[in-house]
Structures are given as C-alpha cells and as structure tokens.
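The opening position of the sequence shown corresponds to residue 1115 in our numbering, with each subsequent residue numbered one higher. Notes for the one structure printed next.
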Amino acid sequence: MTPEQVQLVKDSWAQVTPIADKAAELFYGKLFEMDPSVKPLFKGDITEQGAKLMKMINTAVNGLDRLDEIVPAVQQLGARHVAYGVKDEHYDTVGAALLWTLETGLGDAFTAETKEAWATVYGLLADTMKSAAAQAA
Ligand code: HEM
C-alpha cells in the first residue's frame, strides 16, 4: 500500500466510525442478501457481531502504518474463522458487501481512489486470513 492509500483509508474510516452501528447493519443486510447461505454461520447476536467487526476493522485501519505488527492477530483471526465454517470463497462476498457499505455510507466521498485503497486493505487482510486458515486446516 502507498502512504496515500493509507491516508485515504484512514480519512474515510474516520467518517464511518460515527455511523458504525448503521454501517454494520447495512453490511450484514447486504451480505445476507448477496449470499443467504452464510446467515446460519452467524450464531451470536448480530448487533454484537457487528460491533466486533467494526472494532477489528478499526484495529486494522489504525495499524496500517505498521502492518507487520497486526499480522499475527489477523492470522489468528483467520484460523478461528475455519471453526466458524468460513470458506475461501466467502471472502469475496464479504469484501464486496464491505465496499458496498462504504460506498452507501460515504456517498461521493467514496472516490475511485478511496475504493481502490479499501480493496487493497481488504485484500491484504483476506489473503492473510485465508493463508492462516489453510495452515490451520
Ligand atoms: C477481513 C475479513 C474479516 C474480518 C476482519 C472479520 C472479523 C471478525 C471478528 C472480529 C469476529 C469475532 C470473533 C473472533 O474474533 O474470532 C468474527 C467472527 C465471525 N466471522 Fe468474521 N471477519 C472477516 C471475514 C469473514 C468472512 C469472509 C466470513 C464469512 C461469512 C466471516 C464470518 C464470521 C462468522 C460466522 C463469525 C462468528 C460469528 C458467531 O459466532 O456468531 N467473517 N469475524
């Protein structure tokens, strides 16, 4: 990631955090619409789950300047996702739902460059999680 991309992600995320609850709701609504088969994987309270997801994205966004420091936590997260029944192909759907959520929440502020920067971040996280999942399996 370029320093410019890191800044774009941080600035746009700062605009999402005040509406985190709404963003989480939008995200799960879109995800379950795109792939209803993943809904049964979520056993817990979806509001609580949304808060955890937002917290994790927050950690990742704050850690973008020192990605090497968050890699172990992301690998452990990926390994835990095997037990949740998550498969490699689910990562694409989740990524698409996430970008759609950001686009919906941010409107015109979600420029092509910002979208590209987020796709890069998500791709890095997803690749790290999938590799760790493959090793855990
Ligand atoms: C960058 C990608 C992702 C991030 C940052 C993320 C983050 C999280 C976090 C923080 C948790 C809370 C539990 C824990 O820490 O172990 C969690 C649980 C979970 N995630 Fe993810 N996740 C990602 C991708 C996915 C994908 C692709 C799926 C597929 C549908 C998924 C499905 C789940 C499920 C089913 C749970 C457990 C929910 C429950 O027990 O009710 N996640 N995720």
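Just so you know, even glycine gets a beta-carbon here, dropped at the ideal spot from N, CA and C.
{"Check": "Residue 1129 vs residue 1223 beta-carbon contact at 8 angstroms", "Outcome": "yes"}
{"Check": "Alpha helix (DSSP H) segment containing residue 1130, residue limits", "Outcome": "1117–1130"}
{"Check": "Beta-carbon proximity list for residue 1249, same chain, < 8 angstroms, skipping 5 on both sides", "Outcome": "1193"}
{"Check": "Residue 1123 versus residue 1156: straight-line alpha-carbon distance, rounded", "Outcome": "27 angstroms"}
{"Check": "Among 1117, 1240 and 1216, nearest to residue 1229 - alpha-carbon criterion", "Outcome": "1216"}
{"Check": "Closer than 7 angstroms: residue 1189 CB and nearest the ligand HEM heavy atom", "Outcome": "no"}
{"Check": "Buried/exposed call for residue 1171, threshold 16 Cβ in 10 Å", "Outcome": "buried"}
{"Check": "Span of the alpha helix (DSSP H) around residue 1107", "Outcome": "Absent from the structure is residue 1107, since the part of the chain shown begins at 1115 and ends at 1251."}
{"Check": "Nearest residue (CA-CA) to residue 1197, options 1251, 1136 and 1118", "Outcome": "1251"}
{"Check": "Whole-angstrom distance between residue 1208 and residue 1241, CA atom to CA atom", "Outcome": "13 angstroms"}
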